[in-house]
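J.: This is the structure I have questions about; it appears just below.
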Amino acid sequence: MEHISVPGSGGVVGMGFVCYTGFMLIVDYYALKAVGESAEAFFEYEDIWEVSRMLQVNEWKGFNRVVGHQQIITHLQNAIASDTVSNAYIFGGEDGSGKKMLATLYAMALECREKDRPCMMCSSCKKASDGNHPDIIYVKHEKPNTISVDDVRRQLVDDVAIRPYESRYKIYIIEDAEKMTTQAQNAILKTIEEPPEYVVILLLTTNPEALLPTIQSRCVTLNLRPVRDRQVKEFLMSNLHVPDYKADILTSFAQGNVGKAIEAARSPEFEEMTEKAIQILKSYGNRNVGEVLDVVRMMSDDKQNINEYLEFFSMWFRDVLMFKATREVDSLIFKDEINAIRSRASVSSYEGLEKILEAIEKAEQRLRANVNFDLVMELLFLTIREN
Ligand SMILES: [Zn+2]
Numbered sequence: 103m104e105h106i107s108v109p110g111s112g113g114v115v116g117m118g119f120v121c122y123t124g125f126m127l128i129v130d131y132y133a134l135k136a137v138g139e140s141a142e143a144f145f146e147y148e149d150i151w152e153v154s155r156m157l158q159v160n161e162w163k164g165f166n167r168v169v170g171h172q173q174i175i176t177h178l179q180n181a182i183a184s185d186t187v188s189n190a191y192i193f194g195g196e197d198g199s200g201k202k203m204l205a206t207l208y209a210m211a212l213e214c215r216e217k218d219r220p221c222m223m224c225s226s227c228k229k230a231s232d233g234n235h236p237d238i239i240y241v242k243h244e245k246p247n248t249i250s251v252d253d254v255r256r257q258l259v260d261d262v263a264i265r266p267y268e269s270r271y272k273i274y275i276i277e278d279a280e281k282m283t284t285q286a287q288n289a290i291l292k293t294i295e296e297p298p299e300y301v302v303i304l305l306l307t308t309n310p311e312a313l314l315p316t317i318q319s320r321c322v323t324l325n326l327r328p329v330r331d332r333q334v335k336e337f338l339m340s341n342l343h344v345p346d347y348k349a350d351i352l353t354s355f356a357q358g359n360v361g362k363a364i365e366a367a368r369s370p371e372f373e374e375m376t377e378k379a380i381q382i383l384k385s386y387g388n389r390n391v392g393e394v395l396d397v398v399r400m401m402s403d404d405k406q407n408i409n410e411y412l413e414f415f416s417m418w419f420r421d422v423l424m425f426k427a428t429r430e431v432d433s434l435i436f437k438d439e440i441n442a443i444r445s446r447a448s449v450s451s452y453e454g455l456e457k458i459l460e461a462i463e464k465a466e467q468r469l470r471a472n473v474n475f476d477l478v479m480e481l482l483f484l485t486i487r488e489n
């Protein structure tokens with residue numbers, strides 16, 4: 103469920119159980135090449151908004167090219183149309199989910215004076231899409247993991263009194279807002295409580311709960327939810343020209359996060375990792391304990407990608423479980439590995455597969471809690487082997 107909460111209304115309002123569809127910016131990856139950017143440079147950004155900016159923005163029709171997040175878009179467009187723009191918003195959603203894109207489009211729409219906003223053609227929209235709009239301010243921070251009180255004072259609190267240079271609104275965008283220290287949050291709270299009428303503050307965060315309740319209660323909170331698998335797959339196939347089989351794996355892996363899907367689709371490492379994970383999964387059945395330890399050592403060398411591996415493992419065993427229950431190949435993610443999946447399904451019981459899936463989840467939790475890596479992996483592989 104996607105929800106929009108409005109301060110003063112007692113929480114979630116009027117948006118109900120509408121099927122979630124995230125956003126999908128229709129970008130043609132290959133157009134990037136036309137503007138001379140390499141795929142590598144492109145993925146450093148990890149952000150679809152940056153991608154779109156590298157494309158010729160005129161090709162890009164503002165909110166119309168965003169597929170999904172329809173409720174949020176409608177809410178934002180209504181606010182503009184009915185002149186009920188709030189002074190502060192929280193955009194919540196995981197990395198790659200499209201927070202910055204929606205926030206930036208909203209900022210553009212607020213400043214644009216054309217009928218269809220943002221028009222992407224006027225000088226205001228062009229400046230905004232180039233990142234040079236004088237009245238759209240991205241608050242920067244000096245230390246990578248903290249947004250300090252000095253950062254927000256200098257760029258926001260002490261700046262709000264200066265009227266917009268050329269537009270109706272002065273818009274401040276704070277990315278990674280959860281990195282604000284308590285003092286920084288308290289500093290902007292004052293501005294959020296009594297803002298000049300032209301000020302709009304957009305807080306982008308992976309974790310709205312990390313913001314002070316006093317801030318949350320004064321902001322309109324817009325939560326981005328995962329995009330439907332069908333749409334992610336369609337996007338990957340038609341826009342990034344990913345073949346069907348690979349699109350299934352990527353879609354399942356991305357879990358509704360288009361940014362993550364794109365990044366994985368373009369990453370050669372991802373392909374290598376898929377193959378490696380499949381190799382491990384296919385051969386574990388015959389391993390003795392000593393060989394299990396070898397696999398653990400190998401995984402240990404690739405520690406930084408462990409979450410991805412665990413995700414693969416759980417996709418794989420969900421496939422085995424699905425096949426065992428239905429005998430259907432079409433609904434599997436790893437269709438090409440049907441023989442291995444079939445043979446695993448014949449040796450493992452339902453109960454055993456449940457145990458394995460639980461063990462994978464437990465391994466994730468333990469690694470997050472910094473339990474010794476080798477120990478966690480040994481336990482996991484032994485559970486896989488025994489079941
Ligand atoms: Zn415009």
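So for the sequence shown, our numbering puts the first residue at 103; every next one is plus one.
Each residue gets a CB set at the ideal place from its N, CA and C atoms; glycine is no exception.
Just how far apart, CA to CA, sit ASN341 and SER226?
T.: Taking the sequence shown and counting its residues from 1, one reaches residue 341 at position 239. Taking the sequence shown and counting its residues from 1, one reaches residue 226 at position 124. One C-alpha to the other measures close to 29 Å.
J.: Can you tell me where the alpha helix (DSSP H) holding GLY392 begins and where it ends?
T.: By one-based count along the sequence shown, residue 392 stands at place 290. Here the alpha helix (DSSP H) through GLY392 covers 391 to 403.
J.: Just tell me which of THR316, GLN285, VAL360, HIS177 has its CA closest to the CA of GLU295.
T.: In the sequence shown, residue 295 corresponds to position 193, counting from 1. Of the listed residues, the one whose Cα sits closest to GLU295 is THR316.
J.: Taking only three categories from DSSP, how would you classify VAL422?
T.: Numbered from 1 along the sequence shown, position 320 holds the residue referred to as residue 422. In the structure shown, VAL422 sits in a helix (DSSP, three-state: H, G or I).
J.: With a 10 Å radius around its C-beta and 16 neighbouring C-beta atoms as the bar for buried, classify ALA471 as buried or exposed.
T.: Taking the sequence shown and counting its residues from 1, the one referred to as residue 471 is at position 369. With fewer than 16 other Cβ atoms within 10 Å, it is exposed.
J.: For ILE275, does the three-state DSSP call read helix, strand or coil?
T.: The residue given as residue 275 occupies position 173 in the sequence shown. Three-state DSSP puts ILE275 in a strand.
J.: Based on the DSSP output, what are the partners of GLY454 in its beta bridges?
T.: If you number the sequence shown from 1, residue 454 lands on position 352. Answer by DSSP bridge pairing: none, since GLY454 is not bridged.
J.: For the stretch 328 to 394, list the alpha helix (DSSP H) runs that are entirely contained and at least 4 residues long, ordered along the chain.
T.: Correct list: 331 to 341, 346 to 356, 360 to 368, 370 to 385.
J.: On a CA-only basis, which of LYS457, VAL398, ILE443, LEU306 is nearest GLY198? Give me that one, please.
T.: One-based indexing of the sequence shown puts residue 198 at position 96. That would be LEU306, whose Cα lies nearest to the Cα of GLY198.
J.: Report the CB separation of LEU304 from GLN287 in whole angstroms; it is logged as a contact under 8 Å.
T.: Counted from its first residue, the sequence shown places residue 304 at position 202. Counted from its first residue, the sequence shown places residue 287 at position 185. That belief does not hold up - the Cβ atoms of LEU304 and GLN287 are roughly 15 Å apart, past 8 Å.
J.: Which of the three DSSP states is assigned to GLY194 in this structure?
T.: Working through the sequence shown from its first residue, we reach residue 194 at position 92. Strand.
J.: Can you tell me the Cα-Cα spacing of VAL398 and GLU480, whole angstroms?
T.: Along the sequence shown, one-based indexing puts residue 398 at 296. Along the sequence shown, one-based indexing puts residue 480 at 378. Spanning the two alpha carbons is a distance of roughly 6 Å.
J.: Pick helix, strand or coil for ASN325, following the three-state DSSP scheme.
T.: Within the sequence shown, numbered from 1, the residue matching residue 325 stands at position 223. Note: ASN325 maps to strand in three-state DSSP.
J.: Keeping to the same chain, check which residues put their C-beta closer than 8 Å to that of VAL478; ignore five residues upstream and five downstream.
T.: Start at 1 with the first residue of the sequence shown, and residue 478 comes out as number 376. Answer for VAL478: ALA465, ARG468, LEU469, listed in chain order.
J.: Can you tell me whether LEU477 is helix, strand or coil according to DSSP?
T.: Taking the first residue of the sequence shown as position 1, residue 477 is located at position 375. If DSSP states are grouped into helix, strand and coil, LEU477 belongs with the helices.
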